[in-house]
Amino acid sequence: MATRFDPTLYRVTPPAPEEPVCDACDRRIEGEPGGRGYYVWARGEEVRRETPPLCASCAQAIGIAALAMWELEEDGD
Numbered sequence: 000m001a002t003r004f005d006p007t008l009y010r011v012t013p014p015a016p017e018e019p020v021c022d023a024c025d026r027r028i029e030g031e032p033g034g035r036g037y038y039v040w041a042r043g044e045e046v047r048r049e050t051p052p053l054c055a056s057c058a059q060a061i062g063i064a065a066l067a068m069w070e071l072e073e074d075g076d
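Each residue of the sequence shown is one higher than the one before, counting from 0 in numbering that gives the first Met the number 0.
Written out as structure tokens, the structure reads:
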């Protein structure tokens with residue numbers, strides 16, 4: 000049985016411009032970010048890097064997932 004997606008359940012109040020927003024979950028971050036992401040992309044000779052803020056729970060979840068993937072890669076050898 001399919002359920003209907005209700006977008007109002009997931010609406011996040013837009014933050015004030017000076018407040019940092021978590022790049023993973025779009026929630027406002029009170030105080031200092033819990034961590035930072037790292038994006039790198041290239042177009043031709045130009046290389047761009049971006050370090051968006053993450054809330055503490057997303058930073059922890061992403062870090063643990065990365066460590067788990069790294070462990071799986073090492074076990075494959």
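Every residue, glycine too, gets a C-beta built ideally from N, C-alpha and C. Since we're looking at a predicted model, the values are computed, not measured.
* C-alpha distance - residue 22 paired with residue 63, whole-angstrom precision -> Straight-line Cα distance between these residues: approximately 17 Å.
* Using the rule of at least 16 other Cβ atoms within 10 Å of the residue's Cβ for burial, across every protein chain shown, is residue 67 buried or exposed? -> Burial call: exposed.
* **Cβ separation of residue 38 and residue 45, assumed to be a contact under 8 Å, to the nearest whole Å** => Not confirmed; about 14 Å, so no contact.
* Asked: When DSSP builds the beta bridges, which residues end up paired with residue 52?
  -> Bridge partners of residue 52: 35.
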